[in-house]
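Reading through the C-alpha cells given below for one structure.
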Amino acid sequence: MTEVATASAAATGIAMATEKAAKELSPEEERVLIRDIALTAEANTKEGDSFFLITQKWWQHWIDYVNQDQQPNNSNNNEGSSSLSGNSDSNGVGISKRPSGIDNSDLISDGPAEDANSDDGVEIHDTLLEGRDYVLLPQQVWNLLFSWYGGGPALSRKVINSGLSQTEFAVEVYPLRLQLLVTPKGDRSTIRISKKETIGELHRRACEIFHLNLEQVISDVCIWDYYGHRKHALMNDMDKTLDDANIQMDQDILVEVLNNVNDTLVTDGTSITDNGFADKEATSVLLEPSKSSLSIAGGLSANKIASKGYSAEQLQNQTLGCPNKESDNHFGNSGVSTRGTFGGLTGLLNLGNTCFMNSAIQCLVHTPEFARYFREDYHQEINWQNPLGMVGELALAFGELLRKLWAPGRTPVAPRPFKAKLARFAPQFSGYNQHDSQELLAFLLDGLHEDLNRVKHKPYVNSRDADGRPDEEVADEYWANHIARNDSIIVDVCQGQYKSTLVCPVCNKVSVTFDPFMYLSLPLQFATTRSMTITIFTCDGSALPSTCTITVPKQGRYRDLIQAVSNACSLKQTEEIKLVEIRNHLIHRFLDDSFVSLSTIKDDDHLAAYKIQKSATGNVLLQLIHRRQEQETSDAQRWKPFGTPLISSLLCDDVIRSGVIQTIVQTMLTPLLKEGIEYSDDSDPSTSGMARDPSDHGSGEVDTNCASTSINKVLPKLPLQLVDESKTCIDLPAGDEKAINLSAMSHVVVYLDWTSKLLEKFNINYLENLPEVFKYGPITKKARTEPLSLYTCLEAFLREEPLVPEDMWYCPQCKEQRQASKKLDLWRLPEVLVIHLKRFSYSRSMKHKLYELYALTNHYGGMGSGHYTAHIKLLDENKWYNFDDSHISPINEEDVKSAAAYVLFYRRAKSDTSGTSSAGSRRARDKTSYKY
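If you want it as C-alpha cells, here you go:
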C-alpha cells in the first residue's frame, strides 16, 4: 500500500507540475519535486524501464540553480555535484541564472548513426563516463525537465537484469554493436542491439536489413557466432539471449544464406566453403577487420586511459624509442630501449577500467619461472583436447603478451587481444567495468593450468583416509594422486598442499586428508581480542539491570563469551547464564551452542544475559514480554512489544498455578519499583500486597533471601496473559489459583500489558535502550598506525574452528552428519606462494624468511571501484618499480609497505635452495615437506 500511495502521489505531482508553467515554479519547488519523483521512480525500477542520459554540464547548472537559496555547506561536503538534498558544491555562491534548454550535443558522436534502424537515430561517443560526462535520469524526471526546459535530443536507454543471479538492475548505456556479414553477397552492416534480446530478434533484424523474406527463408538463413572470423557456433536457439550466447561487443556475426542444393552457397560461379570464405577475391570484404573502435559497456572507451587521464600525446612522450617494424618473429618487437638492456619495464595501456587486469598480469609476467617458460617453446605442452581448458587459446594469448612485455623497448602494450580472449572464456570479465584483481588472478592460474596440463588422459584415483598411517606417507600418496591428474607449470610453481584434520564432536573420530592449494586467502586480523557490551538481568529481584563490557578472543566461540560474562557478574555455583540476542523487543535466538563462532555476533546486535537458577529436570523457561498500547489510527490502539524481555526458570511438573507465575513476575520486577509506591485502590491487598517467599507456591526458583530484602515493597497487581500451545492468550489474575497445563510447552511466554497507571509505578527506563554489542567511535592514532602481522593472519586461517551448519561432515563412524571441528596446517609449500588478503592493509614481514616478497597488487578506493597498481621487484636489477598501467617508475623498498596491498607474491628465499630444480618437472623437485 505504501508503494502504491507513493507512486500515486508522485504521479499527482507530475500532473500538477506539468499544468503549472515552469516559470511559475521557484528553484526550491523544482528541486523538491524532482527529488521526490526521482526517489519514487528509482525505488520502483523494473526491467524494461527507460532512463535518459543528460549531459553532466547542464545537470550541474540546474543543480546549482535549484540550490541557490540553500545555506552554503562546509568544505567537507561530500555529496558531489548531483545533490538533490539541498546542498550544492558551488562554494556558497548561488547561481541565480536559470538554465537554458537541455543541450545533449556534447554527448553525440559527429559521425552518422551506425545503426540507421536504432530508436533515437543518434550515436553517442564511445568514451563517455557516468558522473563525469552524463547522469542517468528516470523517464518521469526527464519528462518533467523536458516539459520545463525543452531541448534535447532525448537519449533513452533500457533497464536490464544483470549480475550472476540476474536480480540486479543496470541501465544498458551501450548496447551491443555487431558487425553483420552476409554471404554470398558480401554485404555488411553495423547494428546496435541489447544483449538481452534473443537470437530470434537478431535473426529478424538481419533479414530486414539485408532484404530477405523472413517467411520464405527462415530455414535457409543461418546465423553464426563469427568471433575472430571463425565459425564458433550456429545460433539456432531462437529463444536464447545474446548475453547467454556469449556474444561480445564489436564482434562479427555471419549471416549465411543457403540454397537448398546440398547446403552450399553458389553465386556467379563462386563457391563458399564451410568456413565462410570464398574462392574469389570478390568476397575479400568478409575478411576485412572491423574499423570501429571498441565500445564501452559502462561508459569508458577502450582507447582511453580513464584512471589516469593520459592523452595520446602524453603516452607518445613517454616512449623514449621510436617503434620499429616488427621482425619475422611472431611475437614481434614493440620498441627500442634507450635506458639500458634490462627488459620487463613495459607498461600496459588501460583500455578503460582494466587496471585490475594489468596489475595481475604484470605480477605473473614478472614471476621468473613463468618468464622463462613462456619465452621458450612451450607449445608442445599445450593440451588441445582438455575439456576443462580453453583449447590452448588462453595460454597462447598470455604467452604472446608476456613476450611483448619482455621484448626490448618500453612502448606501452595495449592488451586488447588478451582482453578479447579473456572475455570469450570468462564472460564475467567482459565489458569495461571494474573487477576484482584476485578473482581474475584465480581464473588465470586455473585456466593456464588446464591449457598446459601435461596429463592428456586423467586416470581415476581413489584417495584413502589416513586411518592412523604416518602423515608423511599419507601426504605423499595424496600428492602423487594429484600429480597423476594435474601436472603443469602452474602446479610446478604455485601449488602447495595443506593438511586438513576433522574431529567428530560425538565419537571423536579423526579424519586426516591432504589437499592442494593454488593460493591462500587470509582474513585480516588487526586485533586478537574483541570488546563486547552485554546487559545483565537477574531473575531473583536482587539487583537492577547492569551493563558490562568484556573482552573475548576475536576468533573465540560462544563458550568464551559465556565464561567472560559469568566472571564479570560473579556467578554463583547454583546459577547459570542464559545468553540471548534481542531483536524488535523479542528474544530472537538463544546463544547456547558452545562451539559456534563469535563472528556470528555482529557489532550492531543487542545482547542480554540472564542470571537464573541452574536448570533441573522438569524446569522450563518463563519469558516475560512487555507490551504497551500504541496509536495506530485516530480511533484504534494496539498492544505492541517494547523494552527488553525478562527470563526466569520455572519449576513445574505438568501443571502450575497462575498465582505462582504472578509471584515470579512480581519478584523479577521488584528492583524496578519506585520508592513509596503503594498499590492502587482497585488492587486487591490480599493478592497483590507484598513480595512473598515464592517457595510457598512450589516454584523453588526464586532466591528467598533476595525476596526478603524487598519485603517492604508493595507490589501492584500485574495484568498478565499466558500464551498456550494453541497461541491463545489466557488471563492470569493475581490470587487466582487456576491450574494451567504445561505438559506440551517447552517454554512459557507471558505478556505483561503496561497500562499508563502501571508505568508510573516502575522505572522502566532500565528495560529500554539496550546497547549495541560494540559502538564505533573515533579510531585512535595508535590503532591506525599499528602494523599488521602477516603471521597473525596466517594463524587465524589455520586456527581450529567448527564447520558451519551448511557444511556438515558425514562421520563414517557415527553414520550421521556432524558439525565437526576443522584444523588446517600447511604441509607442502610451493616455489611461489600467492597470498590474498581479504582486506586492504598488511605488513610484509615473514618470520623465518622461507619466502621473500617480489610482487604485489595494490588496490585504492572502494571494493566495487577504485584503482589497481602493482609493485614489482626486478630480480636481475634488485630494484623495485611501480607499474601503474602504462606508467612505470622506480620506487624505494620502503614505499612497498602500503596499506593498499591486496595480493602478495612470495618466492622461496635464496638461502632455501632445496627443491629448486627445473620448473618444468614437478617430479624432479625435492619432496621436503614444510610445516607451519
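Numbering (the UniProt record's numbering), first residue to last: 1 to 932. Ideal Cβ positions, reconstructed from N, Cα and C, are used throughout, including at glycine.
Looking only at C-alpha atoms, which of the options sits nearest to residue i?
{"i": "L258", "options": "K240, D250 and K185", "result": "K185"}
{"i": "V493", "options": "A371, Q56, I193 and H588", "result": "A371"}
{"i": "N462", "options": "I647, L794 and A480", "result": "A480"}
{"i": "R177", "options": "G131, L242, R230 and I160", "result": "L242"}
{"i": "D540", "options": "K614, I550 and S597", "result": "K614"}
{"i": "Q362", "options": "Q248, S566 and P412", "result": "P412"}
{"i": "M238", "options": "C222, K231, M249 and D252", "result": "C222"}
{"i": "I661", "options": "P671, S649 and L672", "result": "S649"}
{"i": "R132", "options": "L107, K674, G496 and I601", "result": "L107"}
{"i": "E893", "options": "L874, D884 and R188", "result": "L874"}
{"i": "A395", "options": "A407, P417, K46 and W406", "result": "P417"}
{"i": "N486", "options": "D446, T644, L524 and L502", "result": "D446"}
{"i": "T549", "options": "G861, A564, G556 and Y558", "result": "A564"}
{"i": "V391", "options": "L401, H449, V365 and R375", "result": "H449"}
{"i": "A245", "options": "V255, L212 and K195", "result": "K195"}
{"i": "L646", "options": "R627, L622, Q637 and D467", "result": "L622"}
{"i": "D825", "options": "P553, K727 and T501", "result": "T501"}
Residue i to residue j, Cα distance in whole Å?
{"i": "T346", "j": "N858", "result": "18 Å"}
{"i": "K499", "j": "L790", "result": "20 Å"}
{"i": "D876", "j": "E852", "result": "15 Å"}
{"i": "I779", "j": "R530", "result": "Reliability of the predicted coordinates at I779 is poor, the pLDDT of 44 falling under 50, and the value obtained from them is presented with this limitation in mind. Their backbone Cα atoms lie some 15 Å apart in a straight line."}
{"i": "N882", "j": "S570", "result": "57 Å"}
{"i": "R657", "j": "I612", "result": "21 Å"}
{"i": "G101", "j": "G151", "result": "5 Å"}
{"i": "Y149", "j": "I160", "result": "29 Å"}
{"i": "V748", "j": "D807", "result": "33 Å"}
{"i": "R410", "j": "R230", "result": "33 Å"}
{"i": "S50", "j": "S156", "result": "6 Å"}
{"i": "L651", "j": "V474", "result": "55 Å"}
{"i": "R35", "j": "E130", "result": "19 Å"}
{"i": "residue 933", "j": "P427", "result": "The question about residue 933 has no answer here: the residues shown for the chain are numbered 1 through 932."}
{"i": "L351", "j": "K419", "result": "9 Å"}
{"i": "K761", "j": "P505", "result": "50 Å"}
{"i": "R469", "j": "V512", "result": "10 Å"}
{"i": "A397", "j": "M235", "result": "26 Å"}
Near residue i, which residues of its chain fall below 6 Å by C-beta distance, leaving aside the five closest residues on each side in sequence?
{"i": "L669", "result": "none"}
{"i": "H232", "result": "D225"}
{"i": "F590", "result": "V580"}
Please go through the same chain and pick out, in chain order, the residues whose beta-carbon is closer than 8 Å to the beta-carbon of residue i, but skip the five residues on each side of it.
{"i": "C507", "result": "C811, Q813 and C814"}
{"i": "V907", "result": "Here the sequence assigns Arg to residue 907, which means Val is not the residue at that position. The residues are T367, P368, E831, V832, L833, Y851, E852 and Y854."}
{"i": "C729", "result": "Q721, L722, V723 and Y751"}
{"i": "L401", "result": "I361, V365, V413, P415, P417 and F418"}
Counting along the chain, where does the alpha helix (DSSP H) carrying residue i start and finish?
{"i": "P459", "result": "Unbroken run through P459: none, as it is neither H nor E."}
{"i": "C494", "result": "I489 to C494"}
Would you mind reading off the limits of the beta strand (DSSP E) that contains residue i?
{"i": "M532", "result": "T529 to T538"}
{"i": "P516", "result": "V510 to F517"}
{"i": "L348", "result": "No beta strand (DSSP E) contains L348, which DSSP labels as neither H nor E."}
With a CB to CB cut of under 7 Å and the five nearest residues on each side skipped, what residues in its chain are close to residue i?
{"i": "Q440", "result": "The amino acid occupying residue 440 in the given sequence is Leu; Gln does not appear at that position. Excluding sequence neighbours, L440 sits near F356, M357, A360 and F429."}
{"i": "V135", "result": "I54, Q56, W59 and S82"}
{"i": "G48", "result": "K158 and V159"}
{"i": "V171", "result": "F51, L136, R157 and V159"}
Report yes if the C-beta distance between residue i and residue j is below 8 Å; otherwise report no.
{"i": "H836", "j": "A855", "result": "no"}
{"i": "L452", "j": "S488", "result": "yes"}
{"i": "P459", "j": "H482", "result": "no"}
{"i": "P545", "j": "N584", "result": "no"}
{"i": "I764", "j": "L672", "result": "yes"}
{"i": "R204", "j": "I191", "result": "no"}
{"i": "Q140", "j": "Y902", "result": "no"}
{"i": "Q497", "j": "R799", "result": "no"}
{"i": "P153", "j": "N104", "result": "yes"}
{"i": "F169", "j": "D187", "result": "no"}
{"i": "P138", "j": "A43", "result": "no"}
{"i": "L767", "j": "G643", "result": "yes"}
{"i": "F374", "j": "G344", "result": "no"}
At the 8 Å Cβ level, is residue i part of the contact set with chain C, yes or no?
{"i": "I489", "result": "The structure shown contains no chain C; it is built from a single protein chain."}
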